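Chemist: The structure follows.
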Amino acid sequence: MPRLLKTLSQYVVETRKKETYFMVFNTVYNDIYAFKKEPSSEENIEEGIFGYLNKKYVNHAARNQFLKFMKDNFPNVKLVEVFDMVSPGYLVYPYLGTIAIDCEENDEVYNAICKKYEDELGFPLSKDAVFWSVSYEIALKHYNEVKQMWDDELE
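Under this note's numbering, think of the first position of the sequence shown as 139, with each following residue one higher.
Laid out in structure tokens, this is it:
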């Protein structure tokens, strides 16, 4: 059944209105941005900068483990499925499993997620599930860029 989902930047700007924490289960995206692993050969170029927009790179098992962890430990915490923030030029792309989490820095939920998914220095343990944050300012900038792109398209 189709559902209407906000992008991460829409959710931050229109709903949260502050820094927001989220989980990404897209292994190619996490490799590139969390582990700074660039594609190493021509055959991997598709999996590089733009290949992460393919839903085949979503680790559904890791996503389901996260959902179970949250249900078992924090059943009342709001989890929101959101589209990833991508370059404003992309009008259509698949839902890639990203989940925004209603938590605050250093609260019980935040600390539990950090403990489960990060090492003692705050680095991700695995490319399968990475805990991210986005500031309101960055989300607002992206939100405005996308809005401007749509306004330009409709003129």
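The beta carbon of each residue, even a glycine, is placed where N, CA and C say it ideally should be. Note that the structure is predicted; figures quoted are calculated from it, not measured.
1) Whose C-beta lies closer than 6 Å to the C-beta of P172 among residues of the same chain, with five residues either side of it excluded?
2) So the alpha helix (DSSP H) A277 belongs to, where does it begin and stop?
3) Using C-beta distances below 6 Å, list every residue in its chain close to A277, excluding the 5 sequence neighbours before and after it, in chain order.
4) Just to check my reading of the structure: G260 and F163 have Cβ atoms closer than 8 Å, yes? What is that Cβ distance to the nearest angstrom?
5) Rounded to a whole number of angstroms, what is the C-alpha to C-alpha distance between A226 and L143?
6) Restricting to runs no shorter than 4 residues, where is the alpha helix (DSSP H) found entirely within the segment 188-236?
7) Taking 8 Å as the limit between beta carbons, can you name the residues of its chain near Y190, skipping five residues before and five after?
8) Would the C-beta of V151 count as close to the ligand GDP, meaning under 7 Å from any of its heavy atoms?
Modeler: Result, derived from the coordinates:
1) The sequence as given places Ala at residue 172; Pro does not occur at that position. P262, V268, listed in sequence order.
2) Element bounds for A277: 274-292.
3) S147, V150, V151
4) That pair is no contact at about 19 Å.
5) Just to set this straight, residue 226 is Pro in the shown sequence, not Ala. Taking the straight line joining both Cα atoms gives about 17 Å.
6) 198-211
7) N164, V166, Y167, I170, L234
8) Questions concerning the ligand GDP fall outside what the structure shown contains, since it holds no ligand whatsoever.
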